[in-house]
Amino acid sequence: MAQSDIRVRDAEDRDREAIREVLLAAYGEYEGTMPEERWIEYKNNIAASVDAPGPFARLVAEREGKLVGSAVLFDSSIVAYGRDLGIESPIVRLIAVSPEARGQGVATALLRESAIRAKAHGGDTLHLHTSDLMASAVRLYERLGFERAFDKDIYNGDILVKSYRLHLNDAALLKI
């Protein structure tokens with residue numbers, strides 16, 4: 009299927025359960041990579057994020073009327089993480105693509121719309137955080153022009169959570 013078949017829009021209240029399902033299916037691949045107690049906490053946090061306050065935008069991706077992806081945008085690191093990492097520009101979090109829609113341009117469409125929204129929101133950069141566990145996502149981010157922002161890395165327990173940023177004024181992603 010073509011990427012043009014993907015429609016990214018603002019999430020609506022009626023989308024909440026579908027978003028939760030996509031998030032849990034997308035992040036479910038990591039269940040076997042972490043201790044059970046940590047996985048349960050991670051899964052519960054992901055599920056709760058659907059109803060949590062804070063984002064200035066909640067995006068969903070649809071294909072043929074079915075929700076296949078989602079992402080959320082925050083104003084700053086304080087709002088996104090409850091931590092001051094010195095990021096005072098938009099941060100995209102919880103990018104999720106349902107397993108059956110992977111490799112079909114859904115994440116790229118969500119990131120493109122996130123970059124458009126971040127720029128319209130007054131941002132010069134769009135940030136995100138990820139770990140080596142999400143190697144295919146890291147490859148996508150780098151291919152789309154995100155660069156490492158080592159000074160914004162954080163640790164979640166003993167796991168290095170790497171920071172990436174996209175400079176919005178010259179982002180090729182916005183010209184596609």
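Each residue of the sequence shown is one higher than the one before, counting from 9 in the numbering used here. Don't be surprised by glycine CBs; every beta carbon is placed ideally from N, CA and C.
Same chain only: Cβ atoms within 7 angstroms of residue i, ignoring 5 sequence neighbours per side
{"i": "Gly153", "result": "Leu174, Ala179, Ala180, Leu181"}
{"i": "Val105", "result": "Ala34, Val76, Gly77, Val114, Ala115"}
Burial state of residue i, where buried means 16 or more other Cβ atoms lie within 10 Å
{"i": "Tyr172", "result": "buried"}
{"i": "Ala123", "result": "buried"}
{"i": "Lys74", "result": "exposed"}
{"i": "Phe82", "result": "buried"}
{"i": "Met9", "result": "Residue placement at Met9 is flagged as unreliable, the pLDDT there being 45, under the threshold of 50; the coordinate-derived value follows with that caveat. It counts as exposed."}
Whether residue i touches residue j by CB criterion (7 angstroms)
{"i": "Ala126", "j": "Leu118", "result": "no"}
{"i": "Ala69", "j": "Val146", "result": "no"}
{"i": "Ala33", "j": "Pro107", "result": "yes"}
{"i": "Arg66", "j": "Ala19", "result": "yes"}
Expected contact under 8 angstroms - CB spacing of residue i and residue j to nearest Å
{"i": "Ser85", "j": "Ile99", "result": "6 angstroms"}
{"i": "Ala115", "j": "Gly77", "result": "7 angstroms"}
Neighbourhood of residue i by C-beta, 8 angstroms cutoff - its chain only, sequence neighbours within 5 removed
{"i": "Arg91", "result": "Ser85, Ile162"}
{"i": "Gly190", "result": "The chain is shown only over 9 to 184; residue 190 falls outside these bounds and no answer can be derived."}
{"i": "Asp132", "result": "Ser97, His175, Leu176, Asn177"}
Sheet register partners of residue i (DSSP bridge)
{"i": "Ser78", "result": "Val68, Ala104"}
{"i": "Asn164", "result": "Ile167"}
{"i": "Glu155", "result": "Arg173"}
{"i": "Leu17", "result": "Here residue 17 turns out to be Arg, not Leu, going by the sequence shown. Val68."}
{"i": "Thr116", "result": "Answer is none; Thr116 lacks a bridge partner."}
{"i": "His137", "result": "Ser171"}
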